[in-house]
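Remarks on the structure that follows.
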Amino acid sequence: MVTPDAPTPTMVPDRLDGFDAVVVGAGPGGAAAAYRLAVLGRRVLLIDRREFPRDKCCGDGLTRSAVRLLAEMGVLDELTGAQRVGGVRIRMRGRGGRDFHYEDPDGTGYGMVVPRLELDAVLCRRAVRAGAVLWTGARATRLLGGAAGVHGVQVEYEGRRFALRTPAVVAADGASSRLAHQAGLRSPDREWTGFAARGYFTQVADLDELLEIHLPLADVTDRRVLPSYGWVFPIGDGTANVGVGLFDPTHRENVRLLYERFVAELATTDHRFRAARPSGPMTGAPLRLDFDPSRCGVPGLLLVGDAAGLVSPFTGEGISFALESGLLAADRIDTALRRAGAGPVDPAPYARQLAARQSGYFETGRYSVRRYMLAWRVLDATFDDDRPLFALCRRLALFPDGARAGVLLDPLPQPAPELARDLRRDLLAVGELLAGCVREDWPMFVRLAGVDEDLSTLSLRPAVLLLVAAAVGGREHPLRHALAAAVDLGLLAGLAVDSAREEERSTGPRPTPWGNRFAVLVADFLLARAYEFAAQGGGPVVAEFAEALTVACEGRALELRDDPSSGGAGGAVLAGRAAIAFELPCRLGGRLGGARVPVVNALAAYGREVGAAYALGEQLRELAGASRWGGSAQPGVVARDDPRVAGLLGLVAEHAQRAREALLVVPAGPARELLARLATPGLPGPVDPDSRVMSVT
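Printed below as a string of structure tokens:
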């Protein structure tokens, strides 16, 4: 491993009363905050109680999101010896493994493994180069302030004590954050804490370029599953970071034993570790898994990274969340100082940003053991099942960094600028409604409603169709957000229904049908929420929803007697069910937007044809083994002379052509242009006319 040069601490400056912010803790979150503040022209002090370079207990894994943030900070070139990784391998106890690969359309689809000894020193140096003042060997002893908020922090440095008054203190002091406790932002309840242990091993053979997670581990009796995980991360040259995480406080004292058993199991069952040797001692650190947007700050104090509880409840990953929260906190501080002057910075906008970006994923950890065990039972029961609900849940829980936020169907072409602006505004409002109704009960679905700044993760989903259809008429109806949320929930409920499966008969003990139970519960719950939103539109809208549901249920009943994958009647029924799911939002959107009756009817016809085209396209993907629900990042292959393939391609083209013809009645403009671009699902990849096979994306 590389031992980097230490960042140079700064001498005590003459002025101690002019800092715009004091950042306590120089790990990734604190260094990112100090860097961004300095780049924005703010006078910032970064302190850490340790000297650099210093080691820290961590898995050292950097997800793709973390790598992109490091690239934005301009430090990737300094991480010269870093090991690249192409995704995550999940090894589910008793179920084998699954690989999740990053998509790599632009060369940025990779993660890294960088020991904290190197990473933290590099980040600190970057903050100092940007203009931050750095004190190492400094300790924050207490916050300054009272009921009105925090207005500074007391720091001990080089044998002296300084009362540093500042409008913003950033607490990046880790899972055991003293500042968070002093501000009343942390509960002493051990239910919300965990512990991790790790060590380095050399002479490990045949390590793949993947972050490997083992879920879950068992207790000493090997009979009771613990809310826990193990990991094996490649560092390069046959070296691996090996560790375990446990967030059941009643077993916290057994973390060392859990680690030793995990290592022993690797040595006896995994050929890669037959000659492995430990390199240095095992180290441990606490984990916080209690992210709560309402407890991310008080006036004058913002928590970032581990101090805010931003740690994955399934994999222990936290560096990307630390970097992101540090940068967001810095932006919030700069904005507040430009608008309000020198008063304590209000953390509420920062907390709202974190909630919008992270809620849904972290709630599983906030109620650690109970949430984890429910989620694990569902994941365990459906680990080999690629039906839509289970595939979505698996990716959202185990590989959120590799899942496009908001993706239910195909990625959406970039809209015209004026339409993109309105879409983003409306989808943010729809996302808030969706998040509010599922956050407490099924939090992992919150991320499906996400939309980013430039709409690069925007996808074709019913809410988008409704909003684009509404833009045809040009009227901004007050109910458009509620009804857009309703049609999205209806699609999710349909995916849940499609995920219930016939239980296998067995002569032995009947297995617990966690997957089916989960699918039925989720479907009922989402439909109930959808009707709540639809009811805001009054009786006619509810009647349309009921009619659509009736068609969908009749189609599902017919499917049970005819396999849709056969391309026969069942395939046509499946296309019809999808058609109603697309027709309804197009019709409602046109009416809400004030379009004329012929235009509304044309939009409904368009939705019906596009829905059928996309459903048939999904059948083709399934034939090629490239279903979007399975999470495959690679194109599938089908035989060109397969009659089923030819039939499906012909039907897709036929429905797409009808959709385009329906748009001839719709007035020209950005909305019609986008709908026209959506009319043909992108199915075949590059075609070699001399080849007997064809790739399907």
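Take 1 as the starting number for the sequence shown in the UniProt record's numbering and just add one per residue. Every residue, glycine too, gets a C-beta built ideally from N, C-alpha and C.
Distance, Cα to Cα, residue i vs residue j?
i, j, result
"Arg-353", "Leu-434", "Reading off the sequence, residue 353 comes out as Gln, not Arg. Taking the straight line from one Cα to the other gives about 16 Å."
"Thr-141", "Gly-159", "13 Å"
"Gln-203", "Arg-93", "25 Å"
"Gly-431", "Asp-422", "14 Å"
"Arg-497", "Ala-519", "In the sequence as presented, Arg is not what sits at residue 497; that position holds Val. Near 6 Å, if we compare the C-alpha coordinates of Ala-519 and Val-497."
"Phe-162", "Ala-168", "16 Å"
"Arg-36", "Phe-100", "32 Å"
"Pro-509", "Ala-381", "With a pLDDT of only 41 at Pro-509, under 50, the local geometry of the prediction cannot be trusted, and no value is derived from it."
"Leu-479", "Met-112", "45 Å"
"Ala-172", "Asp-306", "7 Å"
"residue 698", "Gly-245", "Residue 698 is absent from the model: the chain starts at 1 and stops at 697."
"Leu-327", "Leu-179", "19 Å"
"Pro-7", "Tyr-157", "17 Å"
"Thr-221", "Ala-285", "25 Å"
"Gly-406", "Ala-528", "With a pLDDT of 42 at Gly-406, under the threshold of 50, the modelled position of that residue is not reliable, and no figure is offered here."
"Leu-303", "Phe-383", "35 Å"
"Glu-103", "Met-282", "34 Å"
"Asp-401", "Arg-64", "7 Å"
"Val-114", "Glu-78", "11 Å"
"Leu-266", "Val-150", "49 Å"
"Phe-233", "Phe-201", "10 Å"
"Pro-349", "Val-472", "33 Å"
"Gly-537", "Leu-584", "14 Å"
"Gln-182", "Ser-312", "25 Å"
"Ala-539", "Ala-530", "The displayed chain sequence assigns Gly, not Ala, to residue 539. Their backbone Cα atoms lie some 14 Å apart in a straight line."
"Ala-679", "Ala-646", "19 Å"
"residue 703", "Ala-579", "Outside the displayed span of the chain (1 to 697) sits residue 703, for which this structure offers no information."
Pull up the DSSP beta-bridge partners for residue i, would you.
i, result
"Asn-241", "Tyr-200, Phe-233"
"Ser-228", "Leu-246"
"His-214", "Arg-91, Gly-230"
"Phe-100", "Val-88"
"Ala-308", "Note: Ala-308 sits in no beta bridge, so no partner."
"Met-112", "Leu-62, Arg-84"
"Val-169", "Val-22, Leu-301"
Which word fits residue i, buried or exposed, when buried means at least 16 other C-beta atoms lie within 10 angstroms of its C-beta?
i, result
"Ala-602", "buried"
"Cys-296", "buried"
"Val-88", "buried"
"Arg-553", "It should be noted that the sequence gives Cys, not Arg, for residue 553. With fewer than 16 other Cβ atoms within 10 Å, it is exposed."
"Gly-133", "For clarity, residue 133 is Val in the given sequence; the question names Gly instead. Counting Cβ neighbours within 10 Å, Val-133 comes out buried, since at least 16 surround it."
"Arg-596", "exposed"
"Pro-344", "buried"
"Leu-616", "buried"
"residue 698", "A question about residue 698 goes unanswered here, because the residues of the chain that appear run from 1 up to 697."
"Pro-53", "buried"
"Ala-612", "buried"
"Ala-486", "buried"
"Glu-51", "exposed"
"Thr-80", "exposed"
"Ala-463", "buried"
"Gly-567", "Note that Gly-567 scores a pLDDT of 45, beneath 50, so its modelled location is shaky; the value from the coordinates is reported in the next line. Buried, because 16 or more other Cβ atoms sit within 10 Å of the Cβ of Gly-567."
"Thr-136", "buried"
"Ser-177", "buried"
"Asp-290", "buried"
"Arg-387", "buried"
Since residue i contacts residue j with CB under 8 Å, what's their CB separation in whole angstroms?
i, j, result
"Asp-60", "Ile-213", "That belief does not hold up - the Cβ atoms of Asp-60 and Ile-213 are roughly 14 Å apart, past 8 Å."
"Val-39", "Gly-30", "With 8 Å as the limit, Val-39 and Gly-30 do not qualify as a contact, their Cβ atoms being about 15 Å apart."
"Val-255", "Ala-218", "Between Ala-218 and Val-255 the Cβ distance is about 14 Å, and since that is not below 8 Å, they are no contact."
"Gly-593", "His-477", "7 Å"
"Asp-488", "Arg-461", "6 Å"
"Leu-323", "Pro-670", "Their Cβ separation, rounded to whole angstroms, is 36 Å, which puts Leu-323 and Pro-670 out of contact at 8 Å."
"Pro-347", "Leu-301", "7 Å"
"Arg-677", "Pro-413", "5 Å"
"Ala-391", "Ala-375", "At roughly 15 Å, the Cβ-Cβ gap does not stay under 8 Å, so Ala-391 and Ala-375 are not in contact."
"Leu-164", "Gly-174", "Leu-164 to Gly-174, Cβ: 20 Å. No contact."
"Val-170", "Ala-33", "5 Å"
"Ala-484", "Leu-467", "6 Å"
"Leu-492", "Leu-526", "5 Å"
Beta-carbon of residue i versus every beta-carbon of chain D: anything under 8 Å?
i, result
"Gly-87", "No chain D appears in this structure, which consists of one protein chain only."
- Query: Is the segment 325–345 close to the segment 20–30, with three or more CB pairs under 8 Å?
  - Reply: Using a Cβ-Cβ distance cut-off of 8 Å, the segment 325–345 and the segment 20–30 are in contact, since at least three pairs of beta carbons, one from each stretch, lie closer than that value.
- For the 8 Å Cβ check, are there 3 or more pairs between the segment 603–617 and the segment 656–664? The segment 656–664 and the segment 603–617 touch, with three or more beta-carbon pairs separated by less than 8 Å.
- Message: Taking 8 Å as the cut-off, does the segment 145–154 touch the segment 59–74 (at least 3 CB pairs, one atom from each stretch)?
- Response: Taking a cut-off of 8 Å on C-beta distances, the segment 59–74 does not touch the segment 145–154, as fewer than three cross pairs fall below it.
- Message: Check whether the segment 122–133 and the segment 324–334 are in contact - that is, three or more C-beta pairs closer than 8 Å.
- Response: The segment 122–133, when compared against the segment 324–334, does not touch it at the 8 Å Cβ threshold.
- Message: Closer than 8 Å is the cut-off here; do at least three beta carbon pairs connect the segment 268–277 with the segment 113–121?
- Response: Segments in contact, no.
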